[in-house]
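First the structure, in the form of structure tokens, and then the observations on it.
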Amino acid sequence: MGPSVIRAATPRQEAFTHKHAATIAALPVLGAALVFYLGSTLWSVVMSFTASKIFPDMTFVGLRQYLRLFKDSLWALSLHNLAIFALGSLLSLVLGFFLAVLLEGDVPGAGIFRTIYLYPMAISLIITGLVWQWLFNPTLGLQQFVRDLGARDFVFNWVADPQKVMYALIVASVWQSTGFYMVLCSAGLKGIDHEVWQASRIDGIPKYRMYLEVIIPMMSFTFLTSLVLLSIGAVKAYDIIVAMTNGGPGGHSVLPSYYIVDMYINRRFIALGAAGSTVLLLIVVAFLVALPLINLGLRRRKA
Amino acid sequence: MSTVAVRHLDKIYQGHTHILKDLNLDIGSGEFLVLLGPSGCGKSTLLNCIAGLLDVEGGRIEIAGRDVTNADPSERGIAMVFQSYALYPTKTVYGNMAFCLRMKKKSPAEIEQKVNETADLLQIRELLHRKPATLSGGQRQRAAIGRALVRDADICLFDEPLSNLDAKLRTEMRIELKKLHKKLRSTFVYVTHDQVEAMTLATRVAVMDSGTFSQISTPEELYDRPANTFVARFIGSPPMNFVDGRIALDGGIQVVTGDGIRFDVSSYPFITAPRSGQEVILGIRPEHLHVPLGNEPTYPTLLSLVEPLGATVMCYCTLGQTDLVASLNPSEVAGAQTDELLPLAIDLSKASIFDRASTLRL
Amino acid sequence: MTAVPRPSVAMTLPNAIPVKHRGAKVTTFLILVFFALLFALPLYVMIVTSLKSMDEIRLGHIFALPQHPNFDAWDTAWNKAASGFTNTGLKSGFWNSVLILVPSLIMSVSIASICGYALAFWRVKMGNLLLSLLLVCAFIPFPIIMYPLIKMTVALKLYNTSFGVSVVHTILALPILTMIFRNFFSSIPQDLIKAARIDGGRFLGTFVHVILPLSPNILVVVAIMQITGIWNDFLIGLTFGNVQSYPMTVNLNNITQTQTGVRTYNIYMAAALLTAIPPLVIYFISGKLFIRGITAGAMKG
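As they're listed, the protein sequences go chains A, B and C.
For the first sequence, the numbering used here gives the first residue as -13, with consecutive numbering after it.
For the second sequence, the numbering used here gives the first residue as -14, with consecutive numbering after it.
For the third sequence, the numbering used here gives the first residue as 70, with consecutive numbering after it.
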């Protein structure tokens, strides 16, 4: 380092920077969290009590927007769909756990299987929605395929059926995320002391009993984490709806996120979107509070 | 008929590593057999093979006369206690002990009686409703033993069960295990690398080295008459002194070291007759060296370091080119100065002589 | 003698397995193969469809192999497909995605890593509070911050720009990435930092010379996570970008959502594959690291 032309910092100045360097480093993140997350959330909650339409309008209107929201049958439908979607998503965890268990033994090519189960995670949800829409195509997709095999009256057009379209979304979503939950469960299974397995072999405990009475309870942390992630995923679901059904047929595949974004971008109704967002936030909060409580309750009952 | 018989057992790991080589072992009913050896010698592997947790590539295992080489672990009539206890974490101690009995479809009353009985035996009755995470190391160990004992198996296997306990607890549990064995009179097969455990607990010890048995004898036999240099060094703390030398057969039998020091071993009970010039190792335990009394041959050892241990004093000396450790009484050493001569006598009747090439006892 | 690793319980040779165990193993394998086929099916269909001509597709044999496989659909998708306002295919979208990705990656990783480092080793005022705050932020659903974010990016003149998209991606990644870095750095022994400080190391110096060299694994994992997440994103690119700077996913969606004319599935599938290939390639190359990346994101729970 050559001689510095600028006057070097005095020892006092340097000590200041050094002592506070860590805090300075944390400031951008802190700022982002406060402004972009908390600040935005607060703003939206406030907006939900105003009369804002295309432009913000700070006239306070109390709970009017919420009433409007709940009178909207499309919103009610989106909540209904959210419940179905969240339940259906549980299949990812169940299937993921099942596959993880199968792969626990000495399976040849286990690595290849894992790679195949997991690759859908690398694919955009837009593509996932698109390809499953293609598969569900009535005249050119699965329905036609099975009909060609001989079942002339086979009906499988979930994408066009208002009552079944959510199942189509679930299938696509489960295909996408099962691999991920398989990885989580595999990690959880690996954390189990192999001597516990050996003890069970000496004791003559059948494998399914071990899973039921020992292994699954031991993995409660993994399952809890998975449930949290599944719920966040269900709440976030947007891209896949756009790609697969665009909310159709007749709004029967709308989920709250899709409804809200549509409200902001297309319908230009800020306050209503804000109200919907706030309700969504409350749902997430309720879920996050409920889960640990349920977990604690279960533990207390066992002891 | 022995309770456990191992015949020509071979264990090969991943197609090329020969962990156990043609092992043969008979364990009698009611024995406390300890498998002793350094880490990697294969003792745990052997135990796991007997348990059925590992498959074998050659040989047979018989338990109570039945060929169990291909049988499931739960069908061999054995119970096992693991090093890390391996208790089922989500169950209470009661649940742990009752689990296998439930699988055998015993009635709840039977189960309760059996569990309570075993819990009383191990003094863990008050712990039955607690989960393993809330127990101390020693308590977990008892619970693990309890879980093994409810199986009412004739043979109980132990895989280094005391290694995870602190020194004081280990001593206590050792005594408990010995008492338990006396009371139950079942067969214990016990793996450890700690020779103190082996010497104090065993009726017989099988010392293992690199997948083979080095010597199988009673603890006394192993200590007084080790069959080879490996066993001689492994058993006894501080370890046996080794002196390199050659046999000289002029006027009795003597071992002569490189620097001309002679040891008269004419009264040594040779199993094989020694040959003149044969290269041997003379083994002398530290406690068999003493300050000379009266008319015995003495050796001019040079004292280099003294370690007072209270009841004894560890003296590090050199005799010519050889380093020796002597375990002496404090009174014998009083007045001795380091870097000065300390003449010592050796009780050669207790010594061991090994052929240097084959390491076997002569 | 070297210590022999404790053999796994599952070690067996074929002739040592009793028959009942062998049956279970075969069933397990078959079930795994069945699911593998199910999972691979959509990818197979995508590839196969993209290589067919529209006449073939109209025959409705979705699973059949193409009779005269050709890359015409790929060519159209890349160069000529109508994606909303332009007829230049996906290739502009590809470069837009890259343009969005690179700044996002650099900004998010650098800001998050240095903050994670500060939180792991140094006394940051209210550091624990910040961590709890970040955890809360990770759960806040995007729609509730979406509109205010738009307003703020407009005010910062970042709205409707490619760089604006990058900034939003960075903001959205900061909570989780910071937590991941902090957790990883916490596993580095404190003694190393102490030794560095004794040697006269300062905040930044220690980071660059001591911490970074120990972190290639986590950096790769985080990079993979970010690349996949940002490349595959749709909503942010659509909302905060402009027509010229739409990422590939938005282009893809525009191509497939054209209301006019025939639904040319071969072009759609080719376009989908083109969009999917970059992250897929990264996935297949980095296998284990990818898995660790995903579980890293999950472990904050």
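The beta carbon of each residue, even a glycine, is placed where N, CA and C say it ideally should be.
| What residues from chain A crowd round Val193 of chain C, counting only those whose CB sits closer than 7 Å? | As a first step, residue 193 of chain C is located in the third sequence; it is residue number 124 there, counting from the start. Chain A residues near Val193 of chain C: Ala8, Thr9 and Ala12.
| task | Report buried or exposed for Asp137 of chain B, applying the criterion of at least 16 other Cβ atoms within 10 angstroms of its Cβ. | result | On the second sequence, position 152 is the one that residue 137 of chain B refers to. It is exposed - the Cβ of Asp137 of chain B has fewer than 16 other Cβ atoms within 10 Å.
| field | Residues of its chain near Ala330 of chain B, where Cβ-Cβ distance is below 8 Å and the 5 sequence neighbours each way are ignored | value | Locating residue 330 of chain B in the second sequence gives position 345, counting from the first residue. The residues are Leu274, His275, Val276, Pro277, Leu278, Glu281, Pro282, Thr283 and Tyr284.
| message | Does chain C have any CB closer than 8 Å to the CB of Trp144 of chain A? | response | Sequence index remark: in the first sequence, residue 144 of chain A carries index 158 (1-based). Not one chain C Cβ lies under 8 Å of Trp144 of chain A.
| said: In whole angstroms, give me the CA-to-CA distance for Tyr301 of chain B and Gly274 of chain C. | reply: To locate residue 301 of chain B, count along the second sequence from 1; it is residue 316. To locate residue 274 of chain C, count along the third sequence from 1; it is residue 205. Near 52 Å, if we compare the C-alpha coordinates of Gly274 of chain C and Tyr301 of chain B.
| field | Touching by the beta-carbon criterion (3+ pairs, under 8 Å), the segment 252 to 263 of chain A and the segment 206 to 214 of chain C | value | yes
| Does the beta carbon of Lys222 of chain A sit closer than 8 Å to a beta carbon anywhere in chain C? | Indexing the first sequence from 1 puts residue 222 of chain A at position 236. Interface residue, yes.
| message | Measuring only the C-alpha atoms, how far is Pro106 of chain A from Ala118 of chain B? | response | Counting from one through the first sequence, the residue named residue 106 of chain A turns up at place 120. Counting from one through the second sequence, the residue named residue 118 of chain B turns up at place 133. Computed Cα separation, rounded: 40 Å.
| request: Give the DSSP-derived three-state secondary structure of Asn149 of chain B in the structure shown. | output: In the second sequence, the residue the question calls residue 149 of chain B occupies position 164. Correct three-state label for Asn149 of chain B: coil.
| Interface residues of chain A facing Tyr73 of chain B [CB-CB closer than 7 Å] | Numbered from its first residue, the second sequence carries residue 73 of chain B at position 88. Within 7 Å Cβ-Cβ: Val182 and Val200.
| message | Whole angstroms are fine: how far does the CA of Leu288 of chain C sit from the CA of Ile351 of chain C? | response | The count along the third sequence starts at 1 and reaches residue 351 of chain C at position 282. The count along the third sequence starts at 1 and reaches residue 288 of chain C at position 219. Roughly 15 Å separates the two Cα atoms.
| query | Which residues in the same chain as Asn139 of chain C place their Cβ atom closer than 7 Å to its Cβ, once the five residues preceding and following it in sequence are excluded? | reply | Locating residue 139 of chain C in the third sequence gives position 70, counting from the first residue. Around Asn139 of chain C: Leu120.
| Are the beta-carbon atoms belonging to Gly122 of chain B and Leu154 of chain B less than 8 Å from one another? | Locating residue 122 of chain B in the second sequence gives position 137, where the first residue counts as 1. Locating residue 154 of chain B in the second sequence gives position 169, where the first residue counts as 1. Result yes, Cβ atoms of Gly122 of chain B and Leu154 of chain B sit closer than 8 Å.
| field | Distance, Val169 of chain A Cα to Ala191 of chain B Cα | value | Working through the second sequence from its first residue, we reach residue 191 of chain B at position 206. Working through the first sequence from its first residue, we reach residue 169 of chain A at position 183. Answer to the nearest angstrom: the Cα atoms are 45 Å apart.
| Measuring CA to CA, which of B:Tyr73, B:Asp308, B:Gln200 and B:Ala152 is closest to Leu21 of chain B? | Position 36 of the second sequence, counting from 1, holds the residue named residue 21 of chain B. When C-alpha distances from Leu21 of chain B are compared across B:Tyr73, B:Asp308, B:Gln200 and B:Ala152, the shortest belongs to B:Gln200.
| field | Contact the segment 243 to 259 of chain C vs the segment 55 to 68 of chain A: 3+ CB pairs below 8 Å | value | no
| task | Could you tell me the boundaries of the beta strand (DSSP E) in which Gly230 of chain B lies? | result | Along the second sequence, one-based indexing puts residue 230 of chain B at 245. Where Gly230 of chain B is concerned, the enclosing beta strand (DSSP E) stretches over Asn226 to Ala233.
| request: Just the C-alpha distance for Cys26 of chain B and Leu5 of chain B, rounded to the nearest angstrom, thanks. | output: In the second sequence, the residue the question calls residue 26 of chain B occupies position 41. In the second sequence, the residue the question calls residue 5 of chain B occupies position 20. A direct Cα-to-Cα measurement between Cys26 of chain B and Leu5 of chain B gives close to 9 Å.
| Supposed close pair Val240 of chain B, Ile269 of chain B - CB separation, criterion 8 Å | Taking the first residue of the second sequence as 1, we reach residue 240 of chain B at position 255. Taking the first residue of the second sequence as 1, we reach residue 269 of chain B at position 284. Rounded, the Cβ-Cβ distance is 11 Å, inconsistent with contact.
| From what residue to what residue does the beta strand (DSSP E) around Ala83 of chain B run? | For the purposes of this step, residue 83 of chain B is taken as residue 98 along the second sequence, with counting starting at 1. Taken as a continuous stretch (DSSP letters only), Ala83 of chain B belongs to no beta strand (DSSP E), being part of the alpha helix (DSSP H) at Val78 to Met88.
| task | Go to Ala223 of chain A, then tell me how far its alpha helix (DSSP H) extends in each direction, as first and last residue. | result | The count along the first sequence starts at 1 and reaches residue 223 of chain A at position 237. Counting along the chain, Ala223 of chain A falls outside any alpha helix (DSSP H), and DSSP gives it neither H nor E.
| message | If we define contact as Cβ-Cβ less than 8 Å, is Phe84 of chain B a contact residue for chain A? | response | Here residue 84 of chain B refers to the residue found at position 99 when the second sequence is read from its first residue. Chain A, which has a Cβ nearer than 8 Å to the Cβ of Phe84 of chain B, makes this yes.
| query | Can you list the residues of chain B that Asp189 of chain A reaches, using a CB-CB cut of under 8 Å? | reply | By one-based count along the first sequence, residue 189 of chain A stands at place 203. In chain order: Ser59, Phe84, Cys85, Met88, Arg132 and Arg136.
| Positions along the segment 207 to 235 of chain A whose CB lies within less than 8 Å of some CB in chain B | Per Cβ criterion, the list is empty.
| task | State the start and end residues of the unbroken alpha helix (DSSP H) segment that holds Ser173 of chain C. | result | Along the third sequence, one-based indexing puts residue 173 of chain C at 104. Unbroken alpha helix (DSSP H) run through Ser173 of chain C: Lys160 to Phe190.
| Is it true that the CB of Leu107 of chain B sits closer than 8 Å to the CB of Gly131 of chain B? | What you label residue 131 of chain B is simply residue 146 of the second sequence in a count that begins at 1. What you label residue 107 of chain B is simply residue 122 of the second sequence in a count that begins at 1. For Gly131 of chain B and Leu107 of chain B, yes; Cβs fall inside 8 Å.
| Interfacial residues, the segment 153 to 185 of chain B to chain A, with Cβ spacing under 8 Å | none
| query | From the beta carbon of Gly259 of chain A, is the nearest beta carbon of chain C less than 8 Å away? | reply | One-based indexing of the first sequence puts residue 259 of chain A at position 273. Chain C contact via Cβ: present.
| task | Tell me whether Asn314 of chain B is buried or exposed, calling it buried when 16 or more other Cβ atoms sit within 10 Å of its Cβ. | result | The sequence position of residue 314 of chain B within the second sequence is 329, counting from 1. Label assigned to Asn314 of chain B: exposed.
| Cα-Cα separation, Gly158 of chain C to Leu218 of chain C | Here residue 158 of chain C refers to the residue found at position 89 when the third sequence is read from its first residue. Here residue 218 of chain C refers to the residue found at position 149 when the third sequence is read from its first residue. Looking at the two C-alpha atoms, the distance is approximately 30 Å.
| In three-state DSSP terms, what is Ser312 of chain B? | Start at 1 with the first residue of the second sequence, and residue 312 of chain B comes out as number 327. Strand, per DSSP.
| query | Do Ile232 of chain B and Gln180 of chain B have their CB atoms nearer than 8 Å? | reply | As a working mapping, residue 232 of chain B is identified with position 247 in the second sequence. As a working mapping, residue 180 of chain B is identified with position 195 in the second sequence. Contact: no.
| message | For the segment 269 to 278 of chain A against the segment 212 to 225 of chain A, do three or more pairs of beta-carbon atoms, one drawn from each stretch, fall closer than 8 Å, so that the two count as touching? | response | yes
| Touching by the beta-carbon criterion (3+ pairs, under 8 Å), the segment 193 to 200 of chain C and the segment 258 to 266 of chain C | no
| said: Can you tell me whether Leu106 of chain C is buried or exposed? The criterion is at least 16 other CB atoms within 10 Å of its CB, across all chains shown. | reply: Start at 1 with the first residue of the third sequence, and residue 106 of chain C comes out as number 37. Classification for Leu106 of chain C: exposed.
| Across which residues does DSSP place Met301 of chain B in a beta bridge pair? | For the purposes of this step, residue 301 of chain B is taken as the residue at position 316 of the second sequence. Note on residue identity: the sequence assigns Tyr, not Met, to residue 301 of chain B. Per DSSP, B:Leu290 and B:Val310.
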